[in-house]
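Take a look at the structure set out below.
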Amino acid sequence: MTQSGCPASAETFSPESQNWSTGPFRTLWLPALICLLILAGEIYFLLADISEQVKGAPVQGVPVAVLQSLDSKASLKQVTNGVRHKAAGTLIWAVPQPGQSLFRQDSIATLADSESVVIFPDESEVVIEPESLIVFEDLPTQGPAQITARIVKGSLYRRKAGKLPLVLKVGNSHSELRINDERSDAIFRVIARGHGVEVIVQSGAVVINGSQRIAAKQKAVLADLSNGRIEVQPEPPLQKMAPPRLRRPRIEIKPRTLPQQSSFWFPMAFAAETDINTIEISIHFTWEATAGAQQYKIQIAADPEFQKLITEQVVKEPLFNYITLSPEADSIVYFRVAGINSQDDVGEFSAFEKVEIKPEIKPAPVRVPLTQQKIKLQEKPQKKPQKKPEDNPLPFSHPKPKPPEIAQPRRSEPPMPLRAEIALGLIFQSRSFKSDLYPNHANGNGWIPGSVRGEVDFPAFEKSRFRLGLTAILENVSAKGGNTPLPPGVQATASAPLVQVWGVFEKSFWGVGPYLSNSSQFSWREGALTSHFRPLAGALFQLNTRRYRIQIAPILIGAQGADLSFQAKFPFSLAPDWFLRGGLTGRWLKMETSYGGIAEVGYGF
């Protein structure tokens, strides 16, 4: 017993027990060593993971994308439901917007009911399907390159091929599966599940780990990623659909009358200029439905080898009506039909059928309107009174009056010395400018409530006219920061007027002349976005008809690119001096791209 009344314990430390080899420490050294090794391993793997994520980390707040890719052209084309985006070198997942650019080491994650479509510079597209996580390790910037993506989980579908090769990686550096597009033209899907990886090829071919080639209509199942055993499971052969059984076609031939022809081709104002010496031929093709066919492909050709195709159409029902206007007396066409199943596979074509067209009725006679006929006034015969010899002593008589004639009116009036028109319009336009604001860029889109267009044309040379035109619009654009937000209090909006002046020497349906326009260049000045006028010059080529006009203007001075516009003009029937004009416009320059539509109301005098 001790002085405090407590029994003495055998565990009381003695000077000898302070040695760890003879004390209680000898029972704890092994667990302590194991814990120390585990801790060292955790620290190693943590540092290795951090080094991978911060490799090329942002400097002074600038994203890795700015340092690695100064001109990346990969972007999100479509974002559906809960899609998340993580920029390289960051830990923040954000909601992306359609049109947002992607850079090296960026990640895209999709939820159970979401997906995203990524488009690349060669117009190729991949679909990140639901419940997937994809990391883009390498994206093209300038010049030929390749697209490299790592599938952490989920599936990725390449639905549109391009010129750039696509490389997909699954797994880690110790056990990695590498899938290469053999000729940059393959359409395939890669699915990474917990029990393995599936590669399904729809068209083209892919190569797995540099050795195994998977062709179209085949599926590769990778059961064990660690040792790389690949098991190719070809899809079962397609069941051939029987060729459709053709029925005898029915032919209808009738002359096209003046009201029918004019309403089909021109407004009623040009009915007098319509060629009505034509025949309308309608051929009604029918065939029996084929088992397994969801659609049908019909080919109509002028030869039995179907080398000279007249038309090729895909229809859902076993019938097709072919209408043509032919002035020829006899003609022969050939047609055949094939079925298309739900997988868009085209079956075997039927034997061709020969159709002879022999019109047995003559075109209706041309009826000239009453206002264009020559009309002679006839006089009523009058009884001549008997004259006495003394009443007419001279041996001559008065000439008979000739009946007046109404001359046929001219179909075209002499050209007017001067014509002009002015129009006010509403424009929807999307413009994007590249400048020294990088990583920011200026853009503007939406409805522009006002635009002014004026045109004047007058005779220039023999059988030609000179047209002078002017278009002016005023638009506001704003700076957009991408991955770098703009500082607070910055005025990031500026006006960007657009002026187009052109002169065209028009002759018949074509024209050519000079073209002047402008672009805008943006910079920061005293904390505000400012625009600078940039003149452009080039040539204008024009194709025009009574209603439509196409203008192509290559830019040769000030920038490299082109302006393009397509316009259609519709006069009011009750007020022919007033008109509606609609069209599409586009601009492709090195520092500016834009596209949009225009609707105008104008008056000509």
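The numbering of the sequence shown is our numbering, which starts it at 2 and goes up by one. Note that the Cβ used here is the ideal one computed from N, Cα and C, for glycine as well.
Quick one: give me the first and last residue of the beta strand (DSSP E) that residue i is part of.
i    : result
K78  : S76 to T81
V602 : E593 to G605
N181 : E177 to D182
T287 : I280 to T287
G205 : Unbroken run through G205: none, as it is neither H nor E.
W503 : L499 to K508
I152 : I148 to K161
L585 : W579 to L590
I553 : Y549 to I558
K298 : Q296 to A302
K170 : L167 to G172
G562 : G562 to P572
V128 : E126 to I129
S431 : R420 to F434
V118 : E116 to I120
A495 : T494 to S496
H86  : V84 to K87
V347 : From DSSP, V347 is part of no beta strand (DSSP E); its letter is neither H nor E.
Do residue j and residue i have their beta-carbon atoms positioned less than 7 Å apart in this structure?
i    : j    : result
S283 : E318 : no
V127 : L157 : yes
D564 : R588 : yes
L165 : D123 : yes
G583 : Q543 : no
I215 : V191 : no
A495 : S532 : yes
Y297 : G348 : no
R251 : Q300 : no
V207 : L223 : no
E507 : R466 : yes
G155 : D186 : no
G426 : A600 : yes
L140 : R85  : no
L178 : I148 : no
F321 : F286 : yes
L541 : A554 : yes
F571 : W579 : no
R548 : A569 : yes
A150 : F137 : yes
G163 : S125 : yes
M242 : A290 : no
Does the Cβ of residue i have 16 or more other Cβ atoms within 10 Å, making it buried, or fewer, making it exposed?
i    : result
A41  : exposed
R249 : exposed
V334 : buried
G211 : exposed
E97  : Contrary to the premise, residue 97 reads as Pro rather than Glu in this sequence. Buried is the call here.
W351 : In the sequence under discussion, the amino acid at residue 351 is Ser, which differs from the Trp named in the question. Answer is buried; the Cβ neighbour count reaches 16.
T586 : buried
S524 : exposed
G598 : exposed
V602 : exposed
T81  : exposed
G195 : exposed
E593 : buried
L499 : buried
T312 : exposed
V367 : At V367 the pLDDT is 48, less than 50, meaning the model places this residue with poor confidence; the figure from the coordinates comes in the next sentence. Its Cβ having fewer than 16 others within 10 Å, V367 is exposed.
L92  : exposed
D458 : buried
S133 : buried
R184 : exposed
S518 : buried
W35  : Sequence inspection shows Ile at residue 35; the Trp mentioned does not correspond to that position. I35 is exposed by the Cβ-count criterion.
I407 : Any answer about I407 is weak, because its pLDDT of 47 lies below 50 and its placement is not dependable; what the coordinates show is given next. By the neighbour-count rule (16 or more Cβ atoms within 10 Å), I407 is not buried but exposed.
Y604 : exposed
V202 : buried
S102 : buried
Does the distance between the C-beta of residue i and the nearest non-hydrogen atom of the ligand SAH fall short of 6 Å?
i    : result
G426 : The ligand content of the structure shown is nil, which means the ligand SAH is not present either.
Can you give the beta carbon distance from residue i to residue j, rounded, assuming they're within the 8 Å contact cut?
i    : j    : result
S115 : G83  : 4 Å
I558 : L537 : 7 Å
I152 : V171 : 5 Å
P131 : L112 : 7 Å
V520 : A560 : Note on identity: in this sequence residue 520 is Ser, with Val being the wrong assignment. About 6 Å separates the two Cβ atoms, so the contact holds.
E281 : I324 : 7 Å
So that I know if they touch, is there some Cβ in chain D lying closer than 7 Å to that of residue i?
i    : result
L310 : Of the protein chains in this structure there is only one, and it is not chain D.
Please specify which runs of the beta strand (DSSP E), each continuous and at least 3 residues long, are wholly inside the segment 304 to 334, giving them in chain order. 310 to 316 and 320 to 326
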